[in-house]
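Each remark here refers to the structure printed beneath this line.
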Amino acid sequence: MRKTLFLLLMLIGPAKAKSIDWIITDFPPYYMISDDLEGTGRDELVINLLHSHLPDYSENKIFFPASRAIRALSDKRKTYCMLSLYKTRERQKFMHFSDSYATVGLSPTLAISNKTLAALNKQQLETVSLKQFIEKHNLVLGVAMQRSYGSVLDDIIKSLPKEQVLTRPGQDALESLTNMLIKKRVDAVIGYPSEHHYIHKLTHTKAELSQLLLDDISPLAYGYVGCTKNENGKEIIGVINETIPVLTNSQAFKSIMVKWLPNYLETKLDNLLKGKVSS
142 MRKTLFLLLM LIGPAKAKSI DWIITDFPPY YMISDDLEGT GRDELVINLL HSHLPDYSEN
202 KIFFPASRAI RALSDKRKTY CMLSLYKTRE RQKFMHFSDS YATVGLSPTL AISNKTLAAL
262 NKQQLETVSL KQFIEKHNLV LGVAMQRSYG SVLDDIIKSL PKEQVLTRPG QDALESLTNM
322 LIKKRVDAVI GYPSEHHYIH KLTHTKAELS QLLLDDISPL AYGYVGCTKN ENGKEIIGVI
382 NETIPVLTNS QAFKSIMVKW LPNYLETKLD NLLKGKVSS
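Here my numbering runs 141 ahead of the position in the sequence shown, where the first position is 1.
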C-alpha cells in the first residue's frame, strides 16, 4: 500500500507553487527600473502591497519594453498580469480585468511652458478642451507611442491633424518629449501629473513648465489589473477581485497613490477622493 502511494506521488510530482508574473515597464514614476530609486515606483509598491494580502501567490516582476507589454498580455500561451491599465473595449477582447480599480490618480494633463501659457492667456491648472485647444492655437502635441490615455482621449488624439501630433517611440518617451518641449520642438505634452512632476525634476532644468487640466475626461483616472485571457488569468483575477476592496481602503494604499505628486496636486487628489461616490 505504501509503495503504491509513493509511486502515485512520484507520478503526480510536487504541488506547483502559485505565482503571478507581473509586467513592469519603463514609465517612471510608476515603475523605477534603472536608477537609485529602483523598486519604489507607485505601481511596484501597489504590487507589493497586493501580495501582502495574497499569501498563496508569489510575485515575479518581469520587464518588457512598453511597446511589447500589451502584445505579451495578449499571448494566451503564457499568463501575464499588469497593473494600472485602462479597461478599454479592445483590450477586453484578449484580457481579463479586475472588477474594481487597483490604482487611482489624477487624469492626464498637458505640460506646457509658462511662456506659451502666458501667450495664450491661460493659467496653471486651467481647464481646456484638448481638440479645441490644440487646433485653435495651431499647437504641436507630443504623445508617447503605444500609450493609452483612455478611450476618450485616445479617440481625440486620433482625430487631430497628423501634422499637429508628434509621436515618440521607445524607452523614456515622455522624458524625451519633455526635453523637446523645453527646446520648443513641441508645444504641449500629454501625460499624467506625477509623470510631469517627476520628469521635470529629473531634467534639472530651470525651464518653467505648467500643467493644464482637460475637461474632456473625469478628473480622476482609474487603473485596473489586467491578465491574459486564459484559465490561469481568470483564476488570478478572481482572487484579486476578492482582495482589492481591502487594499484600496487601506491607508498604505492612499499613501502610495500620492507618493509622486507635488504637494498642491496631492491636496487636489485628496479632495477629489473625499468627494467621489464611486469608481
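Just so it is clear, CB atoms sit at the ideal spot from N, CA and C, and this is done for glycine as well.
For the beta strand (DSSP E) containing residue i, name the first residue and the last one.
i: Y172; result: Per DSSP, Y172 belongs to no beta strand (DSSP E) and is neither H nor E.
i: M236; result: 236-238
i: G379; result: Counting along the chain, G379 falls outside any beta strand (DSSP E), though it belongs to the alpha helix (DSSP H) covering 372-389.
i: K117; result: Absent from the model: residue 117. The displayed extent of the chain is 142 to 420, so no value can be given.
i: L285; result: Going by the sequence as given, residue 285 is Ala instead of Leu. Taken as a continuous stretch (DSSP letters only), the beta strand (DSSP E) holding A285 covers 282-285.
i: Y198; result: 198-204
i: R309; result: 306-309
i: V330; result: 329-332
Excluding five sequence neighbours on each side, which residues of the same chain lie with their C-beta closer than 6 Å to the C-beta of residue i?
i: Y227; result: S289, G291
i: A207; result: T166, D167, Q287
i: A109; result: Residue 109 falls outside the range modelled here, since the chain spans only 142 to 420, and no answer is possible.
i: T308; result: V284, M286
i: F394; result: L388
i: H341; result: L350
i: Y333; result: P249
i: I211; result: none
Can residue i and residue j be called in contact, C-beta distance under 9 Å?
i: L271; j: I253; result: no
i: Q281; j: V327; result: Here residue 281 is Val; the residue named in the question, Gln, does not match the sequence. Yes; because the gap between Cβ atoms is below 9 Å, this pair is in contact.
i: L322; j: G379; result: no
i: S199; j: A158; result: yes
i: F235; j: L251; result: no
i: S335; j: L414; result: no
i: H278; j: L301; result: no
i: L214; j: V269; result: no
i: M162; j: C222; result: In the sequence on display, residue 162 carries Asp and not Met. Cβ distance < 9 Å, so D162 and C222 count as in contact.
i: R183; j: M398; result: yes
i: L353; j: E316; result: no
i: V306; j: L318; result: no
Between which two residues does the alpha helix (DSSP H) holding residue i run?
i: Y365; result: Element bounds for Y365: not the alpha helix (DSSP H) but the beta strand (DSSP E), 361-369.
i: E316; result: 314-323
i: V434; result: In the structure displayed, the chain extends from 142 to 420; residue 434 sits before or after that span and is not available.
i: V293; result: 292-300
i: Q392; result: 392-398
My output table needs one value for residue i: the three-state DSSP class, helix, strand or coil.
i: N255; result: helix
i: M223; result: strand
i: I358; result: coil
i: E407; result: helix
i: R232; result: helix
i: F274; result: helix
i: A243; result: coil
i: N214; result: With the sequence shown as reference, residue 214 is identified as Leu, and Asn is not the correct amino acid for it. It is helical.
i: L414; result: helix
i: S248; result: coil
i: S109; result: Because the chain is modelled from 142 through 420, residue 109 falls outside the range shown and cannot be assessed.
i: L343; result: helix
Can you list, in chain order, the residues of its chain with a C-beta nearer than 8 Å to that of residue i? Leave out the 5 residues immediately preceding and following it.
i: Y339; result: P169, P170, W401
i: G180; result: M173
i: A243; result: V187, L191, L224, S225, G364, Y365, V366, I381, I385, L388, T389
i: H194; result: T384, V387, L388
i: N371; result: K217, T220
i: I358; result: S248, P249, G291, V293, L294
i: K375; result: H237, C368
Residues in the same chain with beta-carbon distance under 7 Å from residue i, minus the five sequence neighbours each way, listed in chain order, please.
i: P403; result: H338
i: T257; result: D328
i: M151; result: Confidence at M151 is low in this model, with a pLDDT of 47, below 50, so the placement of that residue should be treated as unreliable; the coordinate-derived value is given next. Taken in chain order, the list of residues that qualify is empty.
i: S351; result: I253, N255, L258, Q265
i: D458; result: No statement about residue 458 is possible, as the shown extent of the chain runs from 142 to 420 and does not include it.
i: S239; result: Y365, V366, I378, I381, N382, I385
i: K303; result: none
Got a sec: is the Cβ-Cβ distance from residue i to anything in chain C below 9 Å?
i: L388; result: In the displayed structure, chain C is absent; only one protein chain is listed.
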